[in-house]
Amino acid sequence: MFREIVYGVAGFVLLAYAAEWILSLFDDPREPKRLQSKIPLFGHLWGMMKYSSGYHGITSKQTNEEMYTVAIFNTKLYIAKTSRLIPLIQKTSKTLSFRPFMQTAAKLMGDAKPETFEVFGTEWVDSFSHAHKNGLATGPFLDEQNLRMGDRALIDIEQLLPVEKDGVAKVNLLEWAQYAVVQASACGIFGVEHPFLDPKVDQAFWKWQSYLPLHMVNLDITGKGYAARQIVFDAFRKYNKNLPSDVSFIYKERLRSMQEAGIDEDDICKQQATFGTAAFANTVPIMYWTIYELFSRPDLLEEVRKEVIEQAVSGDKESGFKVDVAALKTKCPLTLSVFQETQRLRHVHANIRKVTEDTLLDGKYLLKAGHYVMMPGQPVHTNTSTWGPTAGQFDPYRFTKDSSDRKASSFVAWGAPPHLCPARQFATTEILIVIALLVVRSDIAPVKGEWVKNPALNTGDMATVYTPKKSVEVEVRKRCDWDGEWSLRMGESKTRISLASG
604 MFREIVYGVA GFVLLAYAAE WILSLFDDPR EPKRLQSKIP LFGHLWGMMK
654 YSSGYHGITS KQTNEEMYTV AIFNTKLYIA KTSRLIPLIQ KTSKTLSFRP
704 FMQTAAKLMG DAKPETFEVF GTEWVDSFSH AHKNGLATGP FLDEQNLRMG
754 DRALIDIEQL LPVEKDGVAK VNLLEWAQYA VVQASACGIF GVEHPFLDPK
804 VDQAFWKWQS YLPLHMVNLD ITGKGYAARQ IVFDAFRKYN KNLPSDVSFI
854 YKERLRSMQE AGIDEDDICK QQATFGTAAF ANTVPIMYWT IYELFSRPDL
904 LEEVRKEVIE QAVSGDKESG FKVDVAALKT KCPLTLSVFQ ETQRLRHVHA
954 NIRKVTEDTL LDGKYLLKAG HYVMMPGQPV HTNTSTWGPT AGQFDPYRFT
1004 KDSSDRKASS FVAWGAPPHL CPARQFATTE ILIVIALLVV RSDIAPVKGE
1054 WVKNPALNTG DMATVYTPKK SVEVEVRKRC DWDGEWSLRM GESKTRISLA
1104 SG
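Every position in the sequence shown, counted from 1, becomes a number in my numbering once 603 is added.
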């Protein structure tokens, strides 16, 4: 019996090698070279299931090729691992297109009807993308959105702090970051009376997100993920019937664009419900890790405190304290640098394009129609020729130094042009406000022991940044010298944060 099992396994392995070899015979010699996996035929699939987009950061270390092929059966992923190739991919955006993924997302996440699915496959998606850029551009509309978001952040941080002078509040840091991001972002985007005030909707949203990998392969057998999604859909059907007066300009721009495209009202409600994925899912983990990196370094924490207090905080305990958000965005380079360095080292997402026509990239890489181009962030962000010999280390001052010789394509945490995240100014403002309030108003430390340097990660997450497998429980103490009434002042409407991505 044992012999038969051994023979069977050996035969299966030989068959897998043979199948992989046969598939490789159809490769054009001008295509990027195949990267072989240790497990024939199924190895790359298993790696992507285990590590999600982060798998391409792993494979990039296994080859010196600037561009290589990861093949999963008869589907090819062309992996571009250097920042040099990103502008070239950008210039060929007509044949290396992001548009098909907007159509896929409309169906996968928004349960689009066939008619709506077809609309998302037309040139209309370019105007829909423009509506996002216009709706989130710096100016008075974004200021209003930021102010609602910031005012809610003030409330959540006030509730986080212990009431007593020498009291201690204990919280799960990841759970708090998740709650704070949802409430603040939702206030900014959907208005103060938003659907996620209902704990049932909030919980359903995160359950739905946890099932997205199964939805991608149509394997939500129990239907629990779809049931959770339905709760969120129903909440937005109710919300859209009577939009509040303080709903954001971006929400109204999305609504206008879809109505002009002839999408029916129910599908509009469902597509609007998916907005939370973009607004919450990626901000939560980077908020968590920025807090983690900062509060685990006492000397750095004191420097950031000093910067924020001197540059962006005014007032006193008697008259109240005020955070100047414009100053926070433009006069606190170390605070911003800590955030961007956290992004640089924690980002695992791979930007993706579909090859719609055979394309010769850089005069030498033939990319075949029907396959995909991926631009993983990890190899770009840890490239020593760009970031120096300390590329793999956390340097909180990295983005305060002269970077005039560093191109925007070397920092892809917000995506790859021309599809940079349009909400990057909003999301960064949110994180800077929360970080500034936390460093000035609180001391945060783990309940047990010290901060763990390299905690285990949920590598199967679909977000751009992995969350920890086990969140740290922390003790929060208030800094009594800064106890009092707090408010925000937005400053100049056109004030932009100088982000490395542009």
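Ideal Cβ positions, reconstructed from N, Cα and C, are used throughout, including at glycine.
Keep in mind the model is a prediction, meaning the values are calculated, not measured.
**Message:** Can you find the residues in the same chain that come closer than 8 Å, C-beta to C-beta, to Y1000, ignoring five residues on each side of it along the sequence?
**Reply:** L937 and S940
**Prompt:** Rounded to whole angstroms, how far is the Cβ of V1108 from the Cβ of I692, which I believe are closer than 8 Å?
**Reply:** What is shown of the chain runs 604 to 1105, which leaves residue 1108 out entirely.
**Request:** Assign G1052 to one of two classes, buried (16 or more other C-beta atoms within 10 Å of its C-beta) or exposed (fewer than that).
**Result:** exposed
**Asked** Apart from the five residues on each side of it in sequence, which residues of its chain come closer than 7 Å, Cβ to Cβ, to K932?
**Response** T1032, L1035, T1098 and I1100
**From L745, D805 and I889, residue whose alpha carbon lies closest to that of K855** = L745
**Asked** Rounded C-beta distance between C935 and V911? I'm assuming under 8 Å.
**Response** 6 Å
**L776 vs I894 beta-carbon contact at 8 Å** = yes
**Asked** Going along the chain, which residues of its own chain have a beta-carbon closer than 7 Å to the beta-carbon of M695, five neighbours each way excluded?
**Response** Going by the sequence as given, residue 695 is Thr instead of Met. Cβ neighbours of T695 beyond the five flanking positions: T962 and L964.
**Prompt:** When DSSP labels each residue in this structure, what does R1044 get in the three-state scheme?
**Reply:** helix
**Message:** For a quick check, are the C-beta atoms of P1020 and H735 less than 8 Å apart?
**Reply:** no
**Message:** Looking at the secondary structure, which residues open and close the alpha helix (DSSP H) in which Y968 lies?
**Reply:** Not the alpha helix (DSSP H): Y968 falls in the beta strand (DSSP E), residues Y968 to L970.
**Other residues of its chain near P703: CB distance less than 7 Å, five sequence neighbours each side excluded** = K957
**Item:** Spatial distance of P632 from Y842 (CA atoms)
**Value:** 55 Å
**Among T987, T993, I1038 and M978, nearest to H1022 - alpha-carbon criterion** = M978
**Message:** Less than 8 Å between the C-beta atoms of G660 and V951, yes or no?
**Reply:** yes
**Reduced DSSP category for L904 - H, G, I as helix; E, B as strand; rest coil** = helix
**Asked** So which of S1074, I1047 and A1048 has the shortest CA-CA distance to A1059?
**Response** S1074
**Message:** Classify Q781: buried if its beta carbon has 16 or more other beta carbons within 10 angstroms, exposed otherwise.
**Reply:** buried
**According to DSSP, residues forming a beta bridge with E1076** = N775
**8 Å Cβ cutoff met for M861 and V1037** = no
**Asked** In three-state DSSP terms, what is P1071?
**Response** strand
**Asked** So, is F676 buried or exposed, given that buried needs 16 or more other C-beta atoms within 10 angstroms?
**Response** exposed
**Message:** So the candidates are D998, G865 and K1072; which of them puts its Cα closest to the Cα of E896?
**Reply:** D998
**Message:** Quick check: what's the CA-CA separation for L969 versus I853?
**Reply:** 39 Å
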